[in-house]
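Count along the sequence shown from 1, add 5, and you get the number used in our numbering.
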Amino acid sequence: MAAINALEMLKGKQDEIRLLCKKHRVMSFGVFGSAATGHFNETSDLDFLVDFDPALTATQKAAAFFGLKEELESMFSRPVDLVAMSSLTNPYFRDSVLEERHSLYAA
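In structure tokens, the structure reads:
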């Protein structure tokens with residue numbers, strides 16, 4: 006399978022990503038996984054790390070999370086794994102994700 010330059014693909018959608026992040030009250034948003042490490046291909050999903058506005062209630066965060074995930078899957082026509090920064094409790098996984106993450110948005 007041919008590698009795809011996922012970071013270039015994401016940069017091409019930068020304006021749309023920014024609008025989605027504002028709509029869903031995202032504080033920071035980045036990509037990690039195969040899209041960030043150069044191992045992305047036509048069957049890869051997209052892995053995103055998101056941090057929401059801390060003023061959101063639990064219900065609002067859930068709505069923002071699933072709304073953002075659905076809109077990203079529609080935008081990219083592929084599965085999306087959306088990981089909330091607050092869920093990174095395993096220090097080894099957190100360090101790995103933060104090391105390879107490429108920031109796409111910051112409020």
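Even glycine gets a Cβ: it sits at the ideal position worked out from N, Cα and C.
Quick caveat, the model's predicted, so the values are computed rather than measured.
Same chain, Cβ closer than 8 angstroms to residue i, neighbours up to 5 away in sequence not counted
i	result
Y97	none
Buried versus exposed, by CB contacts within 10 Å (16 or more), residue i
i	result
H44	exposed
S79	exposed
A112	exposed
G17	exposed
G35	buried
L77	buried
Residue i versus residue j: straight-line alpha-carbon distance, rounded
i	j	result
R30	A89	13 angstroms
Q19	Q65	24 angstroms
I42	E105	One point to set straight first is that residue 42 is Thr, not Ile, in the sequence displayed. Distance between the alpha carbons of T42 and E105: 7 angstroms.
Of the listed residues the options, nearest to residue i (C-alpha basis)
i	options	result
F81	S101, F53, K27, Y110	F53
Same chain, Cβ closer than 7 angstroms to residue i, five either side skipped, listed in chain order
i	result
D58	R30, M32
A1	Not covered by the structure: residue 1. The range shown for the chain is 6 to 112.
G72	H29
R83	D50, L51
Own chain, CB closer than 6 angstroms to residue i, minus 5 neighbours either side, in chain order
i	result
A11	A40, F45
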